[in-house]
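So the number in the working numbering is just where the residue sits in the sequence shown, counting from 1, plus 3.
In what follows, a single structure is set out as C-alpha cells and then discussed.
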Amino acid sequence: MLYEPEAGRGYIETRKFSEFIKCAGMVVGSAILLILNYRRVEKKYRKRAKVKKYD
Numbered sequence: 004m005l006y007e008p009e010a011g012r013g014y015i016e017t018r019k020f021s022e023f024i025k026c027a028g029m030v031v032g033s034a035i036l037l038i039l040n041y042r043r044v045e046k047k048y049r050k051r052a053k054v055k056k057y058d
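In C-alpha cells:
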C-alpha cells in the first residue's frame with residue numbers, strides 16, 4: 004500500500020498520541036487503585052484501633 008507523506012506523518016502522530024494516552028491511562032489507573040487500596044487499609048486499621056480501645 005502506498006501512503007502520501009502527509010497521511011503517513013499523521014498516522015505516526017496518531018500512533019504516538021495513542022501510546023501517550025495508554026501510558027497516561029495506566030498511570031491514572033494505578034494511582035486510583037493505590038488510593039482506593041490505601042483507603043481500604045485505613046478503614047481496616049481504624050476498626051482494629053476501635054476494637055483495641057474497647058479492650
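Virtual Cβ for every residue (Gly too), placed ideally from N, Cα, C.
Here the structure is a predicted model, which means the values were calculated and not measured.
For residue i, which residues from the same chain have a beta carbon less than 8 Å from its beta carbon, with the 5 sequence-adjacent residues on both sides left out?
i          : result
residue 25 : none
Please report the distance separating the alpha-carbon of residue i from that of residue j.
i          : j          : result
residue 40 : residue 33 : 10 Å
residue 22 : residue 38 : 24 Å
residue 14 : residue 35 : 31 Å
residue 47 : residue 20 : 41 Å
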